[in-house]
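Residue numbers (UniProt numbering): 1 to 280.
Structure, rendered in structure tokens:
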């Protein structure tokens, strides 16, 4: 079975204490996992702020280099990719979706121009018609159309619409992998399910694998095939998403699960009241 993405003992160190200091912090500590090229999946990386999950995302996107270990995509060591052509080829296959859709787009640039530029850069769409066709096809995939987006700026649309446009932009190069770093944390609760359902559709219909990075166990449980839970740079639990999230074994994982409110309003209210009493 061929690996689409493979991490072997990946560690990332960052210096602390100034330029001349020899001290360092392990943001990512000996992480191992692999995604198959033959079976698209949604792979969740779960952890609180500071757990190392966003640093892991930067390495998977080639924006950070592991301090030790190897991270490979399609059999190629990502840290060894050199030259503009090779870099462009890699970026076409591994696309990001970031946390804040309002920061992903310059408020002074029309949204359709982002889509046209992506089509030109990665597909070689040299004329306006080809760029528009590529943009509209990607927008249709996320429930929008070019006619809805044409000539509009980011402040004219909702956060949910902007995040869909961000996903559409990522789809234009026909990627094999999307790295989505906290993609619903800045979206209204009422719109979160539409975004996570979209990721399931991309997996099932376009056969795109998705790295879903989140602190939200509820959405990870809902859409993920497999999951790892990270704490202080280390993977402390991994496996089938439902098994891990229904029956966590580590104290940190159990605490994360305990922090998720149940869907029943009465039960949720009771837990909130209990936490308020404990807090004070």
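Virtual Cβ for every residue (Gly too), placed ideally from N, Cα, C.
This structure is a prediction, so every number in the text was calculated from the model and none was measured.
By the C-beta density criterion, residue 108 is exposed, having fewer than 16 other C-beta atoms within 10 angstroms.
In this structure, DSSP gives residue 149 a helical state, which the three-state scheme calls helix. By the neighbour-count criterion, in which a residue is buried when 16 or more other Cβ atoms sit within 10 angstroms of its Cβ, residue 25 is exposed.
For residue 48 and residue 183, the gap between their C-alpha atoms comes out near 15 Å. A straight line joining the alpha-carbon of residue 178 with that of residue 99 spans about 13 Å. When the five nearest sequence neighbours on each side are left out, the beta carbons in the same chain lying within less than 8 Å of the beta carbon of residue 161 are those of 144, in order along the chain.
In the three-state reduction of the DSSP assignment, residue 167 falls in the helix class.
Around the beta carbon of residue 167, a 10 Å sphere encloses 16 or more other beta carbons of the protein chains shown; the residue is thus reported as buried. For the pair residue 58 and residue 133, the Cα-to-Cα distance works out to about 31 Å. Take the alpha-carbon of residue 92 and the one of residue 200: they are about 21 Å apart. Residue 70 places its beta carbon 7 Å or farther from that of residue 29. Taking C-beta separations shorter than 8 Å and ignoring five residues to either side along the sequence, the partners of residue 122 in its chain run 88, 91, 92, 172, 173, following chain order. Taking 8 Å as the upper bound for CB-CB distance, residue 115 and residue 135 are in contact here, some 4 Å apart. Taking one beta carbon from each stretch, the segment 70–80 and the segment 234–245 have fewer than 3 pairs nearer than 8 Å; the two do not touch.
With distances taken between CA atoms, residue 66 lies nearest to 11 out of 192, 11, 113. Residue pairing for residue 82: DSSP places it in no beta bridge. The three-state secondary structure of residue 99, taken from DSSP, is coil. Scanning the segment 172–259 from its first residue to its last, the whole beta strand (DSSP E) runs of 3-plus residues come out as 177–181, 209–214, 226–231, 234–240. Exposed is the label assigned to residue 153, since fewer than 16 other Cβ atoms lie within 10 Å of its Cβ. Annotation: the continuous beta strand (DSSP E) that includes residue 44 extends over 42–46. Residue pairing for residue 6: DSSP places it in a beta bridge opposite 34, 72.
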